[in-house]
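Colleague: The structure that follows is given in the form of structure tokens.
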Amino acid sequence: MYLLLIREGLATRYVGPYESPKHAADDLDRLLADCDARARWQIHELQSPQFRGLRELAAGMAAE
111 MYLLLIREGL
121 ATRYVGPYES
131 PKHAADDLDR
141 LLADCDARAR
151 WQIHELQSPQ
161 FRGLRELAAG
171 MAAE
């Protein structure tokens, strides 16, 4: 799952979730039409706590 973050000045909008980064990018054009030209955006991948724990465990094992 992916989340679209749009930062405009001091405000941050969170839009989603989306099934893929392509779906978020497709929606981005529509959302940026309502924003200032200086708005910044990011597509962020959501992680489940279970997956995150496994990844940290694997990173710890690789470091040993």
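Its first residue numbered 111, the sequence shown is counted upward by one per residue in my numbering. For each residue, glycine too, the CB sits at the ideal point set by N, CA and C.
1. Grab the span of the beta strand (DSSP E) containing R148 for me, first residue to last.
2. Residues in the same chain with beta-carbon distance under 6 Å from M111, minus the five sequence neighbours each way, listed in chain order, please.
3. So what's L141 in DSSP terms, helix, strand or just coil?
4. Are the Cβ atoms of R150 and R117 separated by less than 7 Å?
5. Out of A121, L113 and L114, point me to the one whose CA is closest to R148's CA.
6. Which residues bound the beta strand (DSSP E) around G126?
Modeller: A quick look at the data gives this:
1. That residue, R148, is in no beta strand (DSSP E); it is neither H nor E in DSSP.
2. P127 and L156
3. helix
4. yes
5. A121
6. A121 to Y128
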